[in-house]
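Residue numbers for the sequence shown follow numbering that gives the first Met the number 0, so the first one is 0 and each next one is one higher. Single-structure report; data block below.
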Amino acid sequence: MRQLLKFKWPIAIALIAITTVLFILSPNLSQQAEDAGTFQLPASSDSKLAADILEEAGAGDETISVVFTYDEPVNEQTQKEISSIANEIEKEDSMVSKVLDPFENDETAEQLVSQDQKTVLLPITVDGSSDEVNELANTIRQDIIPDETTAYVTGEAIINHDVNESAQEGLERTELITVVLIFVLLFAVFRSITTPFIPLIAVGVTYLLSQSIVAFLIDWFGFPVSNYTQIFLVAILFGIGTDYCILLLSRYKEELMQGHNVEDAIVNTYKTAGRTLLISGLAVFIGFTAIGFAEFPIFKSAVGVAVGIAVLMVVLFTLVPFFMALLKDKLFWPSKTSISHKDSKLWTAFGRFSINKPIWSMVIVAIIMVPLLFTYDDQLSFNTVDEIGQDYDSVKGLNAIENGFGKGDSLPIKVIIQRDTEIVTETYLPYIETISKEIEKNKSVDSVRSITRPAGDVIDDLYVDSQLSEVGKGLSEASSGINDVQDGLSEVQKGLQDISGQIPSNKNTGGLQETVNGLGQINDQLGLISQSLQQTQNVSSATQQLGQVQQQVGQIQQGLSGTASDAGQASKLSGGISQLSEGVGSSIDGLKEINNGLQEAADLLSEMGESESLRETSVFIPNGTLENKDFKPAIDRYAFDERKAVMLEVILKDDPYSTEAITSVREIKDTVTRTMNGTPLEDATVAYSGVSSINNDLSEISTSDFKRTVIIMLVGLFVILTILFQSIIMPIVMIGSLLLTYYTSIAISELIFINLMGYDGIVWAVPFFGFVMLIALGVDYSIFLLDRFKEEASIGINEAMHRSMAKMGTVIITAAIILAGTFGAMMPSGVLSLMQIATIVITGLLLYGLIVLPLLIPAITVSFGKGIWWPFKESKSNKS
Numbered sequence: 000m001r002q003l004l005k006f007k008w009p010i011a012i013a014l015i016a017i018t019t020v021l022f023i024l025s026p027n028l029s030q031q032a033e034d035a036g037t038f039q040l041p042a043s044s045d046s047k048l049a050a051d052i053l054e055e056a057g058a059g060d061e062t063i064s065v066v067f068t069y070d071e072p073v074n075e076q077t078q079k080e081i082s083s084i085a086n087e088i089e090k091e092d093s094m095v096s097k098v099l100d101p102f103e104n105d106e107t108a109e110q111l112v113s114q115d116q117k118t119v120l121l122p123i124t125v126d127g128s129s130d131e132v133n134e135l136a137n138t139i140r141q142d143i144i145p146d147e148t149t150a151y152v153t154g155e156a157i158i159n160h161d162v163n164e165s166a167q168e169g170l171e172r173t174e175l176i177t178v179v180l181i182f183v184l185l186f187a188v189f190r191s192i193t194t195p196f197i198p199l200i201a202v203g204v205t206y207l208l209s210q211s212i213v214a215f216l217i218d219w220f221g222f223p224v225s226n227y228t229q230i231f232l233v234a235i236l237f238g239i240g241t242d243y244c245i246l247l248l249s250r251y252k253e254e255l256m257q258g259h260n261v262e263d264a265i266v267n268t269y270k271t272a273g274r275t276l277l278i279s280g281l282a283v284f285i286g287f288t289a290i291g292f293a294e295f296p297i298f299k300s301a302v303g304v305a306v307g308i309a310v311l312m313v314v315l316f317t318l319v320p321f322f323m324a325l326l327k328d329k330l331f332w333p334s335k336t337s338i339s340h341k342d343s344k345l346w347t348a349f350g351r352f353s354i355n356k357p358i359w360s361m362v363i364v365a366i367i368m369v370p371l372l373f374t375y376d377d378q379l380s381f382n383t384v385d386e387i388g389q390d391y392d393s394v395k396g397l398n399a400i401e402n403g404f405g406k407g408d409s410l411p412i413k414v415i416i417q418r419d420t421e422i423v424t425e426t427y428l429p430y431i432e433t434i435s436k437e438i439e440k441n442k443s444v445d446s447v448r449s450i451t452r453p454a455g456d457v458i459d460d461l462y463v464d465s466q467l468s469e470v471g472k473g474l475s476e477a478s479s480g481i482n483d484v485q486d487g488l489s490e491v492q493k494g495l496q497d498i499s500g501q502i503p504s505n506k507n508t509g510g511l512q513e514t515v516n517g518l519g520q521i522n523d524q525l526g527l528i529s530q531s532l533q534q535t536q537n538v539s540s541a542t543q544q545l546g547q548v549q550q551q552v553g554q555i556q557q558g559l560s561g562t563a564s565d566a567g568q569a570s571k572l573s574g575g576i577s578q579l580s581e582g583v584g585s586s587i588d589g590l591k592e593i594n595n596g597l598q599e600a601a602d603l604l605s606e607m608g609e610s611e612s613l614r615e616t617s618v619f620i621p622n623g624t625l626e627n628k629d630f631k632p633a634i635d636r637y638a639f640d641e642r643k644a645v646m647l648e649v650i651l652k653d654d655p656y657s658t659e660a661i662t663s664v665r666e667i668k669d670t671v672t673r674t675m676n677g678t679p680l681e682d683a684t685v686a687y688s689g690v691s692s693i694n695n696d697l698s699e700i701s702t703s704d705f706k707r708t709v710i711i712m713l714v715g716l717f718v719i720l721t722i723l724f725q726s727i728i729m730p731i732v733m734i735g736s737l738l739l740t741y742y743t744s745i746a747i748s749e750l751i752f753i754n755l756m757g758y759d760g761i762v763w764a765v766p767f768f769g770f771v772m773l774i775a776l777g778v779d780y781s782i783f784l785l786d787r788f789k790e791e792a793s794i795g796i797n798e799a800m801h802r803s804m805a806k807m808g809t810v811i812i813t814a815a816i817i818l819a820g821t822f823g824a825m826m827p828s829g830v831l832s833l834m835q836i837a838t839i840v841i842t843g844l845l846l847y848g849l850i851v852l853p854l855l856i857p858a859i860t861v862s863f864g865k866g867i868w869w870p871f872k873e874s875k876s877n878k879s
């Protein structure tokens with residue numbers, strides 16, 4: 000320290016210069032956080048896989064929606080206005096790929112106009128970055144939508160942008176409130192106008208330098224970043240940085256009051272209080288470094304705080320002694336009295352009780368905290384909208400969609416199925432329909448939209464029972480047609496019989512009689528064919544027989560043309576014979592038409608018989624169906640990647656952001672896997688997209704990451720505390736007390752935010768960050784107490800704990816209040832997750848400082864007696 004003081008000016012100037020240069024040159028950390036995105040999922044997650052598939056296939060365009068709301072059902076004039084707006088948006092920007100006019104046809108109107116016709120959706124497909132999408136949204140709001148029209152622009156990109164914007168606004172409020180709050184608290188502690196500026200300058204330099212270093216690490220090495228990075232840097236650096244400065248300045252003032260010169264006072268300060276700060280800083284550093292072992296980038300983004308802690312230690316050991324040496328006793332102007340902490344009367348009283356009656360002390364702690372633990376439900380919320388409240392247009396639009404169309408319709412789950420070869424074929428689409436049908440059986444699913452059901456409704460014509468029913472109707476019509484032909488030929492037969500009776504007996508009428516007899520035989524054949532068709536439905540046999548009958552009738556028609564010339568009265572009868580010949584011709588045409596219809600039915604049935612997919616799915620798509628123009632819109636909408644991939648949209652009955660929706664995603668995944676097993680699609684790539692799918696991934700990843708990081712963090716703290724305190728029992732007591740405090744705090748937070756304020760749950764990221772913050776920061780206070788206890792142990796366990804509590808009580812309570820105050824500055828941020836994290840940390844610090852540390856820790860410590868140092872031997876300084 001004396002060497003540092005010799006070069007205090009160069010060191011201080013260099014530190015300020017480096018901070019200034021890096022701050023000017025460093026990338027914008029806020030922009031880096033926004034670019035990173037609200038959700039940063041690992042490549043192995045289903046949602047990320049789906050996004051990659053869509054992006055690689057050139058189908059990664061995003062859809063935003065303009066939501067129109069009206070007090071009355073839309074009329075013709077309103078429809079024209081919306082269509083006009085659609086045309087204007089499509090011309091507005093090159094990034095607009097498509098605008099779907101809701102009144103383009105009946106099918107789009109059915110999907111995009113609510114049943115009460117008071118809510119209308121105008122979907123816009125865009126291809127651009129998040130910034131470009133939001134710029135387009137602003138243009139639509141300000142320049143295209145008429146002022147008198149109530150309309151909102153919403154979509155995932157817009158909601159996420161609003162979340163980022165809300166977080167940045169909250170950060171700015173937090174920074175300002177934190178600075179003001181700390182200044183007031185420091186003034187109250189030191190009774191000095193000058194003193195509060197030293198911690199603020201030191202912590203300010205630390206924050207600016209840390210922020211710059213983290214920004215460069217992000218830019219150069221892909222360091223994790225999120226909205227939480229800056230906010231936690233502010234809260235933690237200003238909180239513990241101020242705490243550490245208070246300890247240093249208090250000890251420095253005490254050294255000056257004892258008559259030491261400035262240099263000796265500084266050296267002595269850093270030999271005593273400096274050692275405590277190094278231990279505490281090391282523990283906090285280890286806690287936040289452990290976050291780096293998390294896989295989830297959002298969780299890892301808090302590792303930037305570890306960088307801040309390292310920078311804080313450098314600043315505390317360079318810039319703070321510079322101000323001590325520069326200002327000397329003027330540092331505390333105008334205060335004349337010692338500001339060294341007095342013995343804590345509260346902690347002295349608590350210590351007397353907990354040391355003398357340890358069992359009762361433990362019982363009191365249990366009575367206060369254990370009932371709260373039983374209220375803890377681990378009820379999480381994945382509702383991004385709750386983060387920003389109801390004042391944003393994107394949220395109002397989302398609510399309007401939910402009110403008009405149902406909650407699930409606003410943000411459906413998207414199931415992506417991709418193969419290496421074309422999937423949009425008559426062979427594979429029956430399996431897609433089966434998957435759609437099986438998904439729809441889920442109780443939480445409202446409907447499924449896909450190529451085979453573009454409007455969400457089942458197309459009965461694709462199912463074999465419906466097709467066979469149609470074939471049956473066709474056979475009945477064919478049988479009826481055969482009967483009609485029979486009737487016609489019977490009339491011809493009767494007519495020929497009458498003509499035969501009018502021909503003189505001396506003329507040869509044998510040919511005519513043969514024709515009459517032939518018609519009778521043909522009618523008998525037709526009767527047998529009709530009867531067989533109805534009984535056996537053997538279409539192929541009926542077709543062959545009708546072909547033979549058709550030939551026979553044709554021969555009869557030819558024979559009739561020569562019959563008149565053999566009759567003497569042919570000139571009189573020729574007209575009647577010609578009419579009868581025309582009747583036979585009509586019968587031939589009828590038989591041809593019937594035969595063609597039966598041939599088509601025979602071909603269809605043959606295709607069905609050869610279709611493997613039909614036997615497995617009961618769905619059959621005849622050849623040529625996909626070339627039908629009526630199928631093209633569905634293919635364009637739900638197929639991509641050169642028809643090698645398809646998308647299914649699953650509309651849930653529940654809110655897409657709800658925990659029920661997450662459960663539904665898991666059930667849908669199981670259904671898809673089960674349905675595809677053993678089918679030609681078994682080896683296809685399947686991925687899931689949409690808000691509910693993302694939240695499901697968040698739930699699974701955050702849960703596994705939380706467990707892993709907690710273990711690493713606690714093991715790391717245990718090892719370092721064991722080394723520092725030369726005891727295994729003491730670290731166990733410290734960590735155990737912090738775990739008890741954390742779970743009690745989060746239980747209280749649940750009661751506040753769920754039971755009292757009515758939120759769906761604790762934001763999914765809060766338990767992780769709340770745990771890390773409270774454990775890493777709370778361990779400081781246990782170190783303050785137990786490190787002093789270790790120093791005083793030579794006077795006996797009980798007396799050492801009495802003295803440690805009296806001396807450190809005010810320090811710990813003051814530090815806890817300041818740290819709680821910096822986290823309290825998050826409350827006005829308006830960001831729900833920050834408010835919940837702040838509640839957990841503040842509640843935990845108060846519980847720890849007022850109940851656990853003064854009542855539980857001393858009671859456990861004195862109960863162990865000298866065994867508190869197990870399994871290590873007591874050092875000479877510890878022996879009583």
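Heads up, the beta-carbon is just placed ideally off N, CA and C, and yes, glycines get one too.
Subject >> Start-to-end residues for the beta strand (DSSP E) that takes in Gln417 >> reply: Ile412 to Gln417
Original post:
With respect to the beta strand (DSSP E) encompassing Thr68, which residues constitute its N-terminal and C-terminal limits?
Top reply: Glu61 to Thr68
Original post:
Nearest-angstrom Cα distance between Ala11 and Met807?
Top reply: 32 Å
Subject >> Option in Lys440, Gly689 and Val319 with minimal Cα separation from Glu262 >> reply: Val319
Original post:
In chain order, what residues of the same chain lie with their CB nearer than 6 Å to the CB of Glu174, ignoring the 5 residues before and after it?
Top reply: Val233
**OP:** Can you grab the Cα-Cα spacing for the pair Pro870 / Val861, in whole Å?
**Re:** 16 Å
**OP:** List the whole-angstrom C-beta distance separating Thr205 from Leu236, where the pair is believed to meet the contact cut-off of C-beta under 8 Å.
**Re:** 5 Å
**OP:** State buried or exposed for Trp8, treating a residue as buried only when at least 16 other CB atoms are found within 10 Å of its CB.
**Re:** exposed
Original post:
I think Leu3 touches Thr317, with their Cβ atoms under 8 Å apart; what is that distance to the nearest whole Å?
Top reply: 6 Å
Original post:
How should Asp779 be labelled, buried or exposed, when 16 other C-beta atoms within 10 angstroms of its C-beta is the threshold for buried?
Top reply: buried
Subject >> Neighbourhood of Ile728 by C-beta distance below 8 Å, restricted to the same chain and skipping five residues each side >> reply: Phe863, Gly866, Ile867, Trp868 and Trp869
Subject >> Proximal residues to Val664 (C-beta, below 7 Å), its chain only, five neighbours per side dropped >> reply: Ile412, Tyr687, Ser691, Ser692 and Asn695
Original post:
If we ignore side chains and look at the alpha-carbon of each, how far apart do Met0 and Arg787 end up?
Top reply: 23 Å
Original post:
Anyone know if the C-beta pair for Ile158 and Ser446 falls short of 8 Å?
Top reply: no
Original post:
Which residues share a DSSP beta bridge with Leu379?
Top reply: Ile761
Subject >> Residue of Leu53, Met646, Leu255 and Lys117 minimising C-alpha distance to Asn74 >> reply: Lys117
**OP:** From the DSSP output, read off the bridge partner residues of Tyr885.
**Re:** Outside the displayed range of the chain (0 to 879) lies residue 885, so it cannot be described from this structure.
Original post:
For Ser832, which option in Val162, Gly127, Ile17 and Thr138 has the closest C-alpha, if you only look at C-alpha atoms?
Top reply: Val162
Subject >> Sufficient close CB pairs (3 or more, under 8 Å) joining the stretch 427-445 to the stretch 660-678 >> reply: yes
**OP:** Could you tell me the distance, in whole angstroms, from the CA atom of Ile239 to the CA atom of Arg673?
**Re:** 53 Å
Original post:
When the Cβ atoms of the stretch 365-373 are set against those of the stretch 811-821, are three or more pairs found closer than 8 Å?
Top reply: no
Original post:
Roughly how many angstroms separate the alpha carbons of Ile144 and Ser83, rounded to a whole number?
Top reply: 10 Å
**OP:** State the start and end residues of the unbroken alpha helix (DSSP H) segment that holds Leu326.
**Re:** Leu318 to Leu326
Subject >> Integer-rounded CB distance, given that Thr148 should sit under 8 Å from Val66 >> reply: No, Val66 and Thr148 are not in contact; Cβ-Cβ is about 11 Å, not under 8 Å.
**OP:** Sort Pro429, Phe231 and Gly273 by Cα distance to Thr678 and report the nearest one.
**Re:** Pro429
**OP:** Note down, in chain order, each residue of its chain lying with its Cβ closer than 6 Å to the Cβ of Leu246, except the 5 sequence neighbours on either side.
**Re:** Ala272
Original post:
CA-CA distance, Ile297 and Val765?
Top reply: 12 Å
Subject >> Residue from Thr670, Phe768 and Pro41 whose Cα sits closest to the Cα of Thr708 >> reply: Phe768
Original post:
Which word fits Asn505, buried or exposed, when buried means at least 16 other C-beta atoms lie within 10 angstroms of its C-beta?
Top reply: Note that Asn505 has pLDDT 47, beneath the 50 cutoff, so the model's placement of it is unreliable and no number is given.
Subject >> Contact between the stretch 28-35 and the stretch 212-221 (3+ Cβ pairs under 8 Å) >> reply: yes
**OP:** Quickly, what does DSSP pair Pro870 with across the bridge? List them, please.
**Re:** Per DSSP, none; premise fails for Pro870.
Subject >> Three-state secondary structure assigned by DSSP to Ala293 >> reply: coil
Original post:
To the nearest angstrom, how far is it from the Cα of Asp70 to the Cα of Thr138?
Top reply: 25 Å
**OP:** Give the single residue among Val98, Gln417 and Glu611 whose Cα lies nearest to the Cα of Leu53.
**Re:** Gln417
**OP:** May I have the straight-line CA-CA distance separating Leu613 from Ala301, to the nearest angstrom?
**Re:** 55 Å
Original post:
DSSP state of Leu40, grouped into three classes?
Top reply: coil
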